[in-house]
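Structure first, then comments.
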Amino acid sequence: MTWDAGRAQAIIDGLKHQDGATLPILHALQARFGHIPQEAVPLVAEALNLSRAEVHGVVSFYHDFKAKPPGRVTIRLCQAEACQSTGALDLGELVRDRFGIGFGGTTADGRVTLEPAYCLGLCACAPAGVIAGELHGRLDAEELTALIDEALG
Amino acid sequence: MTATLYVPADSGALAVGAERVAQALAATAAARGIEVQIVRNGSRGLYWLEPLVEVATPQGRLAYGPVKAGDVPGLFDAGFLDGGSHPLARGPTDAIPFLKSQTRLTFARVGITDPLSLADYRAQGGLRGLARALAMDPPAMVEEMVQSGLRGRGGAGFPTGIKWRTVAEAAGATKYIVCNADEGDSGTFSDRMIMEGDPFVLLEGMTIAGLATGAAQGFVYIRSEYPHAVRTMERAVALAREAGLLGANIEGSGHAFDITIRVGAGAYVCGEETALLESLEGKRGMVRAKPPLPAHHGLFGKPTVVNNVISLATVPIIFDRGAGFYRDFGLGRSRGTMPIQLAGNIRRGGLYETAFGITLGELVEDIGGGTASGRPVRAVQVGGPLGAYFPAGLFDTPFDYEAFTARDGLIGHGGIVVFDDRVDMLAQARFAMEFCAVESCGKCTPCRIGSTRGVEVLDRLRAGVAPDAQVALIEDLCQTLKFGSLCALGGFTPYPVLSALRHFPEDFHPAADAAAAA
Numbered sequence: 001m002t003w004d005a006g007r008a009q010a011i012i013d014g015l016k017h018q019d020g021a022t023l024p025i026l027h028a029l030q031a032r033f034g035h036i037p038q039e040a041v042p043l044v045a046e047a048l049n050l051s052r053a054e055v056h057g058v059v060s061f062y063h064d065f066k067a068k069p070p071g072r073v074t075i076r077l078c079q080a081e082a083c084q085s086t087g088a089l090d091l092g093e094l095v096r097d098r099f100g101i102g103f104g105g106t107t108a109d110g111r112v113t114l115e116p117a118y119c120l121g122l123c124a125c126a127p128a129g130v131i132a133g134e135l136h137g138r139l140d141a142e143e144l145t146a147l148i149d150e151a152l153g
Numbered sequence: 154m155t156a157t158l159y160v161p162a163d164s165g166a167l168a169v170g171a172e173r174v175a176q177a178l179a180a181t182a183a184a185r186g187i188e189v190q191i192v193r194n195g196s197r198g199l200y201w202l203e204p205l206v207e208v209a210t211p212q213g214r215l216a217y218g219p220v221k222a223g224d225v226p227g228l229f230d231a232g233f234l235d236g237g238s239h240p241l242a243r244g245p246t247d248a249i250p251f252l253k254s255q256t257r258l259t260f261a262r263v264g265i266t267d268p269l270s271l272a273d274y275r276a277q278g279g280l281r282g283l284a285r286a287l288a289m290d291p292p293a294m295v296e297e298m299v300q301s302g303l304r305g306r307g308g309a310g311f312p313t314g315i316k317w318r319t320v321a322e323a324a325g326a327t328k329y330i331v332c333n334a335d336e337g338d339s340g341t342f343s344d345r346m347i348m349e350g351d352p353f354v355l356l357e358g359m360t361i362a363g364l365a366t367g368a369a370q371g372f373v374y375i376r377s378e379y380p381h382a383v384r385t386m387e388r389a390v391a392l393a394r395e396a397g398l399l400g401a402n403i404e405g406s407g408h409a410f411d412i413t414i415r416v417g418a419g420a421y422v423c424g425e426e427t428a429l430l431e432s433l434e435g436k437r438g439m440v441r442a443k444p445p446l447p448a449h450h451g452l453f454g455k456p457t458v459v460n461n462v463i464s465l466a467t468v469p470i471i472f473d474r475g476a477g478f479y480r481d482f483g484l485g486r487s488r489g490t491m492p493i494q495l496a497g498n499i500r501r502g503g504l505y506e507t508a509f510g511i512t513l514g515e516l517v518e519d520i521g522g523g524t525a526s527g528r529p530v531r532a533v534q535v536g537g538p539l540g541a542y543f544p545a546g547l548f549d550t551p552f553d554y555e556a557f558t559a560r561d562g563l564i565g566h567g568g569i570v571v572f573d574d575r576v577d578m579l580a581q582a583r584f585a586m587e588f589c590a591v592e593s594c595g596k597c598t599p600c601r602i603g604s605t606r607g608v609e610v611l612d613r614l615r616a617g618v619a620p621d622a623q624v625a626l627i628e629d630l631c632q633t634l635k636f637g638s639l640c641a642l643g644g645f646t647p648y649p650v651l652s653a654l655r656h657f658p659e660d661f662h663p664a665a666d667a668a669a670a671a
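For the protein sequence lines, the chains are A and B, in the order given. Residue 106 in this note's numbering sits at position 106 of the first sequence, with consecutive numbering throughout. Residue 206 in this note's numbering sits at position 53 of the second sequence, with consecutive numbering throughout.
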């Protein structure tokens, strides 16, 4: 989603009156733009009477807030203990090898972003992941590959 | 006659295909001219049977699972709407041993009701606790909580009633109830199940907490990894407002209480109560030093109750049945029930609510059925990423706060993750340090830097560089982390590391072993 200062300002104005509005605003901006555009930081700072450094500090603290837009398909694989116990690390390696990217990386053609998750709360249906926004449990190499193929179309 | 079917809309069920099953049931019924009503309930917590389809019959609800969309025509052919036999038939749901042997107090309605039906909620005992609370004065309400013996189910185990009393007695016109729904521990999902499966019980518990302490505003801080829980809770809040259960005049009592849902942003440390408060205030999730306690100086500097989802969701039954009823379950100083979560490489994984006192071995072997892989159990991690690894030799440990502490472990939020004999405990210890390094808020040096040094030490150990010196170093480093960190992230990371080292020493000398073998 391309930057639209008017749209961003409208989002900020709609939420800035809440107590502790920073996270709600950042979530809304990311939902609209796919990431937190650099241009948004001064607008948020101005609206909340914070310094740009403070807003940058919040954006950079949380794993969810991204500086760059994600690829077309995001593959999010849980790599936490319950999923480790059922082979999640091998699944991570499978995807890394297939696309030549590490966790947090996006392929050069912008098709795929690979993200780790540290628990999706699906620990009794491990290993788990989120592929193109859909939850999946009891994954194995074959099913994961098929799901990614399907998501890539 | 319209048949009633239940197909969970719980995330765990959806992750294994419940949506496709619900669609197939609706489509097949329509094609065959059969009228069915499909209720999207929460999960019963029998995750190895999910998607678990239930059919309402005059004999009670019958279970079929795990159902795939492709099984649906066969179920209709078998006459499952009348309890027809089928290879996936599990009999009456309530008679399934995993469920039958539980004591469901906090989870009384989860999986049974339509989570967003207030009529269901009332019909199944909901709001009786609130009704009783509204007839009491605030000090009596606080006393009821103290008497129940409930301890914080988030992990710290601090008596909930004492926390409430501190806030109730604190001066100030503005106070807050904050529900910690940042359930980040791997192996835990009970908060998620409550929020997705019985959201009104949490709203009721928070409302009672507000009445008891004089707070008129509540916040639920839900982790962003739980989008379904966020959606269900938002709808539940809207429904509760419409019904007058939240707002300026709850249940016509003249008391005001309202709740706002807030979403985290992927920081594990925000599950720590002071970091959570910072995050709610819109800041980086940096841990605060205590004192001052949040009960005195919490959200926006006001007296604040910070309770876990399970603690708050247990409040209604305590008020409904009385403190004595709840306190009579459990043993020692661990009163009531604990929703235990069996996870990882386990044959029967799921939610098992039971009175304190059951042993770890009973949970893993008898209830859980051992590993899913069929291989021997080698280690179980209890209490999340900051919990200790226990070998089978300690399976006689009763599930109880003090018993786990006595064995250098913790029950935390009640998650049990099972590993089979292929687990590499040095790798698990390294992961604990690495996780701490990634998730540290950075406030305390031992946690911020010590965790990275810990990874390096364990890497040298792996490489066989002066192994005895590395072991001494990691033990020393763990002492520094334990006593030099403000919160449990740095303070408890030594639990998985030192327990792995202590109970599985053979994994910590891989290079030496290789040399000996050669």
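We treat Cβ as the ideally placed atom computed from N, Cα and C, and that holds for glycine. Because the structure is a prediction, the values reported are computed rather than measured.
One thing to note: residue 203 (chain B) has its Cβ no nearer than 8 Å to the Cβ of residue 215 (chain B). A straight line joining the alpha-carbon of residue 651 (chain B) with that of residue 607 (chain B) spans about 12 Å. Taken through DSSP and simplified to helix, strand or coil, residue 544 (chain B) comes out as strand. By the Cβ test, the region 515-526 of chain B is not in contact with the region 442-461 of chain B, since fewer than three Cβ pairs between them sit closer than 8 Å.
By the rule that beta-carbons nearer than 8 Å mark a contact, residue 51 (chain A) does not touch chain B. Using a Cβ-Cβ cut-off of 8 Å, residue 138 (chain A) counts as an interface residue toward chain B, since at least one Cβ of chain B sits closer than that to its own. The C-alpha of residue 184 (chain B) lies about 15 Å from the C-alpha of residue 223 (chain B). For residue 165 (chain B), the C-beta contacts it makes with chain A under 8 Å involve 121, 122, 124, 125 and 137, in order along the chain.
If you check the CB distance, residue 231 (chain B) and residue 187 (chain B) do not come in under 8 Å.
Uninterrupted beta strand (DSSP E) stretches at least 3 residues long and entirely within the region 160-210 of chain B occur at 189-192 and 206-210, given in chain order.
Sorting B:601, B:386 and B:341 by C-alpha distance to the C-alpha of residue 355 (chain B) places B:386 at the top. Within the model, the alpha-carbon separation for residue 577 (chain B) versus residue 490 (chain B) is close to 33 Å.
Cβ-Cβ distances below 6 Å link residue 182 (chain B) to 189 in the same chain, with the five nearest sequence neighbours on each side left out; the list follows chain order. Collapsing the DSSP output to three states places residue 491 (chain B) in a strand. Distance from the CA atom of residue 421 (chain B) to the CA atom of residue 637 (chain B), rounded to whole angstroms, is 19 Å. Chain-order list of chain B residues neighbouring residue 10 (chain A): empty, with the shortest C-beta distance near 19 Å, by a criterion of under 8 Å. Under DSSP, no beta-bridge partner is assigned to residue 277 (chain B). Only residues of its own chain outside the window of five on either side were considered, and among them 409 and 410 have a CB closer than 6 Å to the CB of residue 369 (chain B), listed in chain order. Looking only at A:141, A:50 and A:46, the smallest Cα-Cα distance to residue 90 (chain A) is reached by A:141.
Taking 8 Å as the threshold, the shortest C-beta distance from residue 143 (chain A) to chain B does not fall below it. In this structure, DSSP gives residue 140 (chain A) a state outside helix and strand, which the three-state scheme calls coil. Cβ-Cβ separation between residue 433 (chain B) and residue 57 (chain A): approximately 16 Å, too far for a contact (criterion under 8 Å). Cβ proximity to chain B below 7 Å picks out 80, 81 and 82 from the region 70-82 of chain A. As the crow flies, the alpha-carbon of residue 609 (chain B) is around 19 Å from that of residue 645 (chain B). Interface residue (Cβ-Cβ distance to chain A less than 8 Å): residue 434 (chain B) is classified as such.
In chain order, 115, 117, 129 and 130 place their CB closer than 7 Å to the CB of residue 76 (chain A), counting only its own chain and leaving out the 5 sequence neighbours on each side. Interface with chain A (8 Å Cβ-Cβ cutoff): residue 534 (chain B) is included. With its beta carbon less than 8 Å from one in chain A, residue 538 (chain B) belongs to the interface. Residue 57 (chain A) belongs to the set of residues whose beta carbon lies under 8 Å from a beta carbon in chain B. The beta carbon of residue 7 (chain A) lies closer than 8 Å to those of 32 in the same chain, with the five residues before and after it left out.
The beta-carbon of residue 86 (chain A) is placed less than 8 Å from the nearest beta-carbon of chain B. In this structure, residue 71 (chain A) places its C-beta atom within 8 Å of the C-beta atom of residue 107 (chain A). Residue 534 (chain B) places its beta carbon less than 8 Å from that of residue 340 (chain B).
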